[in-house]
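Q:
2 protein chains.
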Amino acid sequence: MVRDNIPKGHSTAAKKRGHDPAVVTLKAVAEYVQLSPGTVSAVLNDSPSSRHIPEVTRKRIVEAARHLNYKPNFFARYLRNKRTYTIGIMLNDIGSEYGGLVISGIEDYVRKKDYFFITGVHRHDPELFARYERMLLERGVEGVITLDLHLPHSVRVPTVAIAGHHQHEGVTNIVLDHKCAARLALQHLADLGHREIAVLKGNPVSADSSERWQAIAEASQSLGISIHEDLVVQLVSESTTPELGYGPTKTLLQRKRPFTALFAFNDISAIGAIRAFQEAGLRVPQDISVIGFDDIKSAAYQYPSLTTIRQPLWDIGQTAAKILLARIEGEEKYPLQVSVKPELIARESTAKAAR
Amino acid sequence: MVRDNIPKGHSTAAKKRGHDPAVVTLKAVAEYVQLSPGTVSAVLNDSPSSRHIPEVTRKRIVEAARHLNYKPNFFARYLRNKRTYTIGIMLNDIGSEYGGLVISGIEDYVRKKDYFFITGVHRHDPELFARYERMLLERGVEGVITLDLHLPHSVRVPTVAIAGHHQHEGVTNIVLDHKCAARLALQHLADLGHREIAVLKGNPVSADSSERWQAIAEASQSLGISIHEDLVVQLVSESTTPELGYGPTKTLLQRKRPFTALFAFNDISAIGAIRAFQEAGLRVPQDISVIGFDDIKSAAYQYPSLTTIRQPLWDIGQTAAKILLARIEGEEKYPLQVSVKPELIARESTAKAAR
DNA sequence: GCGGCATTTTGCACCGCTTTCAAAATTCAG
DNA sequence: CTGAATTTTGAAAGCGGTGCAAAATGCCGC
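These protein sequence lines are chains A and B, in that order.
Taking the numbering used here, the leading residue of the first sequence gets 16, the next gets one more, and so forth.
Taking the numbering used here, the leading residue of the second sequence gets 16, the next gets one more, and so forth.
1) Do you know whose CA, among B:77, B:62, B:163, lies nearest residue 115 of chain B's CA?
2) Nearest to residue 284 of chain A by CA position, among A:215, A:315, A:244, is which residue?
3) Alpha carbon to alpha carbon, how far is residue 320 of chain A from residue 239 of chain A? Give it in angstroms, no decimals.
4) Rounding to the nearest angstrom, what Cα-Cα distance links residue 269 of chain B and residue 148 of chain B in this structure?
5) Please confirm whether residue 219 of chain A has its beta-carbon closer than 9 Å to some beta-carbon of chain B.
6) Going by other Cβ atoms of all chains shown within 10 Å of its Cβ, with 16 needed for buried, is residue 79 of chain A buried or exposed?
7) Just curious, the beta strand (DSSP E) that residue 349 of chain B is in, first and last residue?
8) Mind listing which residues of the stretch 198 to 214 of chain A have their C-beta closer than 7 Å to chain B's C-betas, in chain order?
9) Any heavy atom of the ligand GTP inside 8 Å of the beta-carbon of residue 345 of chain B?
10) Buried or exposed: where does residue 141 of chain A fall if 16 or more other Cβ atoms within 10 Å of its Cβ makes it buried?
11) Is the beta carbon of residue 265 of chain B sitting closer than 9 Å to the one on residue 291 of chain B?
12) Going along the chain, which residues of its own chain have a beta-carbon closer than 7 Å to the beta-carbon of residue 308 of chain B, five neighbours each way excluded?
13) Beta-carbon separation of residue 76 of chain A and residue 117 of chain A under 9 Å?
14) Quick one: does residue 91 of chain B have its CB under 9 Å from some CB of chain A?
15) Alpha carbon to alpha carbon, how far is residue 157 of chain A from residue 306 of chain A? Give it in angstroms, no decimals.
16) If you draw a straight line from the C-alpha of residue 246 of chain B to the C-alpha of residue 331 of chain A, how long is it?
17) Which runs of the beta strand (DSSP E) at least 3 residues long sit entirely within the stretch 193 to 240 of chain A? Give them in chain order.
18) How would you list, in chain order, the residues of chain B whose beta-carbon sits under 7 Å from the beta-carbon of residue 108 of chain A?
19) Any C-beta of chain B sitting closer than 9 Å to the C-beta of residue 136 of chain A?
20) Under 9 Å between C-beta atoms, does residue 25 of chain A make it to chain B?
21) Quick check on residue 125 of chain B: does DSSP put it in helix, strand or coil?
22) Between which two residues does the alpha helix (DSSP H) harbouring residue 289 of chain B extend?
23) Can you list the residues of chain A that residue 150 of chain B reaches, using a CB-CB cut of under 7 Å?
24) Cβ of residue 362 of chain B less than 9 Å from any chain A Cβ?
25) Just the C-alpha distance for residue 27 of chain A and residue 197 of chain B, rounded to the nearest angstrom, thanks.
26) Report the neighbours of residue 312 of chain B on chain A: residues whose CB is nearer than 8 Å to its CB, in chain order.
27) Between the alpha carbons of residue 47 of chain A and residue 166 of chain A, how many angstroms are there, rounded?
28) I want to verify the contact list: residues of chain A whose CB lies under 8 Å from the CB of residue 118 of chain B, in sequence order.
29) Among all the DSSP beta bridges, which residues are the ones paired with residue 264 of chain B?
30) So, is residue 107 of chain B buried or exposed, given that buried needs 16 or more other C-beta atoms within 10 angstroms?
31) Would a check of beta-carbon distances place residue 94 of chain A closer than 9 Å to chain B?
32) Contact between the stretch 309 to 317 of chain B and the stretch 356 to 370 of chain B: three or more CB pairs below 8 Å?
33) Of all the residues that make up the stretch 321 to 351 of chain A, which are near chain B by a beta-carbon distance shorter than 8 Å?
34) Is the beta carbon of residue 203 of chain A sitting closer than 9 Å to the one on residue 365 of chain A?
35) Going by other Cβ atoms of all chains shown within 10 Å of its Cβ, with 16 needed for buried, is residue 297 of chain B buried or exposed?
36) What residue range is occupied by the uninterrupted alpha helix (DSSP H) comprising residue 333 of chain B?
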């Protein structure tokens with residue numbers, strides 16, 4: 016497996032512990048231009064106290080800094096300024112399309128504002144959450160965005176909770192309009208003639224599970240569709256792969272209660288559900304219609320392509336970042352809650368009810 | 016959309032610039048126990064110089080620290096120790112299953128060792144790479160793992176390049192045995208009677224593209240299968256969704272040259288390809304066999320489930336982390352290259368050739 | 001009661017940068 | 001040519017820790 020080893024002439028971590036002459040400090044620049052560090056610092060930061068520094072000196076300093084390739088030490092600088100221009104993102108898992116889309120929206124915005132982000136992976140485990148919360152704060156994040164998390168308490172920096180439902184001090188919740196989502200989905204199924212509808216209910220550790228289920232229950236009532244308890248299955252896995260929906264759908268089929276449509280908790284579980292149906296010899300959508308949730312990119316490329324309730328995930332990320340950075344930059348007003356609208360994306364996985 | 020705004024009594028970033036009395040410093044602990052900061056530091060770090068500190072004092076200090084909830088300031092500490100216990104991960108995109116699996120392997124290992132990781136998102140864009148390289152180094156990463164990247168130069172900290180093919184100073188490359196992979200895939204197809212095989216060739220920005228194609232070309236030769244140039248399509252999108260393979264497969268079909276099997280660059284493009292085939296009225300695997308690459312979790316839940324060449328992605332992440340942390344902890348020997356073996360996972364998307 | 005040794009504890013310099021304040025240098029009015 | 005006004009620069013404190021040389025304290029026997 017291993018092809019080759021070579022010994023290196025110098026150690027790495029050990030080396031750094033002393034003074035590394037390769038790294039250019041402010042003092043080095045100051046010596047180079049024969050001025051004091053204070054003056055150099057003032058010029059390079061264009062600080063108010065540098066108002067009176069003559070143009071020639073200024074230019075001399077700037078050029079020396081460039082020439083020596085001076086990079087201010089991030090840590091030393093923090094010690095004075097208490098700024099890191101960094102936000103923390105607390106998410107379930109790094110490999111899911113859901114999280115990927117949201118982060119992409121966040122990244123795009125914070126990059127434009129010259130901020131950086133670091134991630135903590137909670138995996139819905141309170142201990143992991145606590146660990147990463149500590150690490151993010153230790154590293155000076157100036158704000159936090161959480162994804163799909165029941166925040167146990169408010170964090171000591173400004174926070175935006177995507178899919179957050181508990182109102183903590185200092186936290187903005189960004190939530191989808193679940194009532195609307197449920198209505199869109201169930202109306203769509205009802206219009207196609209479905210009356211016996213099964214539901215994959217989210218794992219309680221997922222932040223949206225309870226609200227979404229609530230909304231489905233209400234909407235089904237008002238549409239006069241009753242959802243039999245035998246047709247409701249709770250997702251139990253914490254996987255972010257189709258496995259999430261595969262097992263529970265098998266369970267559902269075992270119950271032998273007939274149904275013509277399935278409303279899955281999200282697209283990824285819908286994909287697993289379709290797999291389970293097809294293994295059972297049921298065709299989607301001819302025998303069973305399936306509707307997902309989220310509209311991840313893959314949904315459109317499944318066969319059959321997935322009808323789903325779209326969440327504007329990228330925009331949600333963007334919005335979260337925008338609100339957070341505004342607060343970090345001193346804005347004192349912030350929304351307690353931002354509600355976003357879902358959209359029905361009708362594709363191939365839903366069709367007229369068989370009967 | 017916005018539900019409510021409230022004004023806050025105090026600003027955030029501004030507040031931090033002064034001295035925040037809420038945060039417990041070493042000095043505060045020292046005052047509390049009526050000892051000097053030096054003594055407290057020595058005890059809390061269990062440093063060699065604390066040898067002579069009596070057990071009672073030691074206990075008193077430790078308890079005070081716990082009681083006051085003292086947390087050493089990460090930045091101040093760095094300034095002395097030059098340690099961050101943090102590695103950087105440079106990856107294409109945060110929402111892909113491929114990257115997710117690798118990171119999961121990395122995370123698992125570094126967490127056990129009490130390290131932390133921060134990510135940079137290069138999106139195969141040299142400018143973005145440079146930007147995030149700077150930011151990671153600025154923030155004191157002690158090592159870097161790159162994923163699916165043509166590293167333009169060696170980094171000034173220990174580096175492990177997953178799917179790295181260029182030998183840079185101080186870099187360990189972890190590579191898959193592509194010859195073996197190509198042989199496994201083509202032999203499998205040949206055994207099923209396929210002779211006209213199409214290939215989705217990776218986008219050149221992907222690190223493995225060239226080696227993989229090379230290996231396929233060689234293996235096909237030695238198996239006596241010739242791959243016609245009309246049956247080779249280059250992936251051009253930089254998407255990490257099935258879209259990646261969908262368009263190119265349409266192109267392939269337009270060329271009208273018959274084939275019975277497709278070897279996709281990876282699973283995600285294979286999924287897009289299958290979609291394209293099915294839209295064209297071609298059944299997989301009855302009309303066309305499709306084989307993917309990577310064995311991401313979703314592969315098993317597609318319909319048809321995907322035959323693929325498995326890369327042990329989680330293990331690769333784990334191995335990368337292990338090698339990197341060993342170097343950071345002072346190990347001077349390290350492998351220049353680690354080669355890992357692929358595996359054929361035969362599922363439903365491949366079958367006997369139609370003719 | 002005191003020197004001498006061992007045990008505890010304390011200053012202090014430094015990591016690299018920012019910022020204030022005062023001093024030095026220069027210019028200018030009279 | 002003097003003194004004030006203005007421009008330019010430097011010295012120093014401090015952010016929060018670490019680590020070491022040196023000081024303070026305690027304890028022993030004589």
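Glycine residues also receive a C-beta, built at the ideal position from the N, C-alpha and C atoms.
Remember, it's a predicted structure, so these values are computed and weren't measured experimentally.
A: According to the data block:
1) When B:77, B:62, B:163 are compared, the shortest CA-CA separation from residue 115 of chain B is found for B:163.
2) The residue among A:215, A:315, A:244 with its C-alpha nearest the C-alpha of residue 284 of chain A is A:215.
3) For residue 239 of chain A and residue 320 of chain A, the distance between alpha carbons rounds to 28 Å.
4) So the alpha carbons of these two residues sit roughly 42 Å apart.
5) Judged by the 9 Å Cβ criterion, residue 219 of chain A is not in contact with chain B.
6) So residue 79 of chain A ends up on the buried side.
7) 348 to 350 is the extent of the beta strand (DSSP E) around residue 349 of chain B.
8) Listed by position along the chain: nothing, the set is empty.
9) As presented, the structure is devoid of all ligands, the ligand GTP included, so that no description of it is given.
10) With a 10 Å radius around the Cβ and a threshold of 16 neighbouring Cβ atoms, residue 141 of chain A comes out exposed.
11) The beta carbons of residue 265 of chain B and residue 291 of chain B sit closer together than 9 Å.
12) Contacts found: 279, 280, 281, 282, 323, 324.
13) Going by C-beta atoms, residue 76 of chain A is not nearer than 9 Å to residue 117 of chain A.
14) The C-beta of residue 91 of chain B comes closer than 9 Å to at least one C-beta of chain A.
15) Pairing residue 306 of chain A with residue 157 of chain A, the inter-Cα distance amounts to about 39 Å.
16) Cα to Cα, the separation comes out at about 41 Å.
17) Unbroken beta strand (DSSP E) stretches of 3 residues or longer found wholly inside the stretch 193 to 240 of chain A: 212 to 216, given in chain order.
18) Per Cβ cutoff of 7 Å: 115.
19) Closer than 9 Å to some Cβ of chain B, the Cβ of residue 136 of chain A qualifies, so yes.
20) Because the pLDDT at residue 25 of chain A is just 37, under 50, the model does not fix this residue reliably, and the value given afterwards should be weighed accordingly. Interface annotation, residue 25 of chain A: in contact with chain B, CB-CB separation under 9 Å.
21) In the structure shown, the three-state DSSP call for residue 125 of chain B is helix.
22) Counting along the chain, the alpha helix (DSSP H) containing residue 289 of chain B begins and ends at 282 to 294.
23) Simply 131.
24) For residue 362 of chain B, the answer is no, since every Cβ of chain A falls outside 9 Å of its Cβ.
25) Because residue 27 of chain A sits at a pLDDT of 43, beneath the cut-off of 50, its placement in the model cannot be relied upon, and the following sentence gives the value as read from the coordinates. Taking C-alpha positions only, residue 27 of chain A is separated from residue 197 of chain B by approximately 38 Å.
26) Residues of chain A passing the Cβ test: 254, 256, 257, 258.
27) Whole-angstrom Cα-Cα distance: 52 Å.
28) Those are 109, 110, listed as they occur along chain A.
29) When DSSP reads this structure, residue 264 of chain B sits in no beta bridge, so it has no partner.
30) With 16 or more Cβ atoms within 10 Å of its Cβ, residue 107 of chain B is classed as buried.
31) By this cut-off, residue 94 of chain A is an interface position.
32) Short answer: they touch.
33) Per Cβ criterion, the list reads 342, 343, 344, 345, 347, 348, 349, 350, 351.
34) If you check the CB distance, residue 203 of chain A and residue 365 of chain A come in under 9 Å.
35) Exposed, by the Cβ-count rule.
36) Residue range 328 to 343 is occupied by the alpha helix (DSSP H) that includes residue 333 of chain B.
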